[in-house]
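Take a look at the structure below.
2 protein chains.
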Amino acid sequence: MNMIQRKTRNPEQTRNDLLDAAYHEILESGFQAASLERILANTSVSKGALYHHFGTKRDLGLAVIEEVIGPQLEERWFTMLAQHDNPINGLYNLIAEKIAQADESVIRYGCPLNNLIQEMSPLDESFRQGLQKILERWVEVVAQALKEGQSAGQVRPDASPEDIALYIVASIEGCVGLGKNAQSVAAYQRCLRQLQVYIKSLAV
Amino acid sequence: MNMIQRKTRNPEQTRNDLLDAAYHEILESGFQAASLERILANTSVSKGALYHHFGTKRDLGLAVIEEVIGPQLEERWFTMLAQHDNPINGLYNLIAEKIAQADESVIRYGCPLNNLIQEMSPLDESFRQGLQKILERWVEVVAQALKEGQSAGQVRPDASPEDIALYIVASIEGCVGLGKNAQSVAAYQRCLRQLQVYIKSLAV
DNA sequence: GAAGATACCGACCAAACGGTATATTGTCAA
DNA sequence: TTGACAATATACCGTTTGGTCGGTATCTTC
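Heads up: the protein sequence lines correspond to chains A and B, in order. Just so you know, our numbering puts the end of the first sequence at 201, numbered straight through with nothing missing. Just so you know, our numbering puts the end of the second sequence at 201, numbered straight through with nothing missing.
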């Protein structure tokens, strides 16, 4: 056979390339319609190499959730909320940042987490669990911040931090979803600004 | 060829059967992964009949959006909001109804509109437009009710009806999405109850 | 430096897909 | 009654899909 292999081996790089290409392919087409051929074309990795690193397409998808989408969100929210002493300000600024950074690509493809939830959670229990782990962590980080805000007398004491955190996360996903379908950065921003109003109303 | 046709012809019924089966197949698998073979198997309609009524799979999907999903939502929200003199009460009760009617199947498959938005809106402009038409109508109905509430002195005058309507719709979709992934009726209900709190805060 | 493990290659495969072609039958107007 | 057309049936097609397999090149270890 005619063998033209990569000059030097680099399994880690190969794996990362695959994860990265798979992430983008899934973001654009969804998981089920994601094409392995297309992923391979975008990485110049061979099919053999792909199946060396990942047992099935499903495994690749699960790895994307765990190793790409999860850390992405974790970093953004965890470090951001840790920077503020007041959770109301922290949340408000996070949304403000989302409003400021809103651009065509966010509006076009929406939230990778939400996309996968809607598509895959009823179809594959492992996907659902992988996504749920991220979701729970997200809600937990927000709830924890709110709880500390209550102790510090910054957040209304009559509110349930867990319920509010859940609702805030839901609202964000909803705003992204609507903006995505409207293909309108403005609509997305208007929607998030209402969420800011709600967040402000949580202050004492 | 061996012809075993339906005893009596009924094109309208055939078309409706197809729309109904397609709706359920799409709800369960998404549009791209929806299988025509499976739809045919669930209707005992032949492939020839299907392609007589719908030019392509895409046309079938668009018809489901326009003729099944759209009217479903229209009926629920339009008639419901018309029953109340006070939009705050109307919206509150609509959410209360959603909370009361929450069951496994809602939680399992989520909102058909939201599912299609996340999957198809970046991939097919016609889908996006069909979905957007429903979305805009939904937002408009809510906004109109709020506007009338403002005139009647029931809704805070400093609020923008359009923005709030957009946000409410987004929040609902978000709540369904989270409940769907958590596979938890309780989480879904907790989320919606926070939305009720927000809605109440709109009163004068 | 030989051996064994790891990484990678690309041709091939069966199955499922959406869609087409052609044949047949029910319906209804003339 | 018949002729035309709408409605339905099924065999078939090309393409794409995820996945396999035998083989090769590189790296590590002793």
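Glycine residues also receive a C-beta, built at the ideal position from the N, C-alpha and C atoms. Nothing here was measured: the structure is a model prediction, and the numbers come from that model.
8 Å Cβ cutoff, residue i in contact with chain B
i: A:V138; result: no
i: A:Q29; result: yes
i: A:Y106; result: yes
i: A:N112; result: yes
i: A:L37; result: no
i: A:A99; result: no
i: A:E170; result: yes
i: A:P84; result: no
i: A:Y164; result: yes
i: A:S43; result: no
i: A:S118; result: yes
Any C-beta of chain A under 8 Å from that of residue i
i: B:D160; result: yes
i: B:I20; result: For the record, residue 20 of chain B in the displayed sequence is Tyr; it is not Ile. So, not an interface residue.
i: B:K197; result: no
i: B:Q129; result: yes
i: B:Q115; result: yes
i: B:Q191; result: yes
i: B:R125; result: yes
i: B:Q180; result: yes
Nearest to residue i (by Cα), restricted to the options the options
i: B:D160; options: B:G174, B:V61, B:A149, B:L143; result: B:L143
i: A:I220; options: A:P119, A:A99, A:R12, A:Q126; result: Since the first residue shown for chain A is -2 and the last is 201, residue 220 of chain A is missing from the structure and cannot be characterised.
i: A:Y106; options: B:D121, B:L24, B:G146; result: B:D121
i: A:L192; options: A:I165, A:N178, A:F51; result: A:I165
i: B:P158; options: B:I66, B:W135, B:G171; result: B:W135
i: B:H49; options: B:E9, B:Q129, B:C172; result: B:E9
i: A:G171; options: B:L15, B:L24, B:L70, B:L132; result: B:L132
i: A:H81; options: A:V103, A:E71, A:I104, A:G146; result: A:G146
Residue i classed as buried or exposed, judged by whether at least 16 other C-beta atoms fall within 10 angstroms
i: A:P84; result: buried
i: A:R6; result: exposed
i: A:P109; result: buried
i: B:G45; result: exposed
i: A:A79; result: exposed
i: B:M0; result: Because the pLDDT of B:M0 is 43, which lies under 50, any placement of that residue in the model is unreliable, and the question is left without a value.
i: B:E34; result: exposed
i: B:A184; result: buried
i: B:E116; result: buried
i: B:E22; result: buried
i: B:A38; result: exposed
Proximity of residue i and residue j at Cβ, strictly below 8 Å
i: A:V201; j: A:V152; result: yes
i: A:G67; j: A:F28; result: no
i: A:T40; j: A:A18; result: yes
i: B:G127; j: B:E63; result: yes
i: A:R125; j: B:Q141; result: no
i: B:N178; j: A:S118; result: yes
i: A:I196; j: A:I92; result: yes
i: B:L199; j: B:A156; result: yes
i: A:R187; j: B:L88; result: no
i: B:I114; j: A:G176; result: no
i: B:V61; j: B:T11; result: no
i: A:L47; j: A:L15; result: yes
i: B:I104; j: B:V182; result: yes
As assigned by DSSP and simplified to three states, the class of residue i
i: A:A200; result: strand
i: B:M(-2); result: Any reading at B:M(-2) must be qualified, since the residue scores a pLDDT of 37, below 50, and its modelled position is unreliable; no value is offered.
i: A:V152; result: strand
i: B:T5; result: coil
i: A:V182; result: helix
i: B:C188; result: helix
i: B:D17; result: helix
i: A:S26; result: helix
i: B:P119; result: coil
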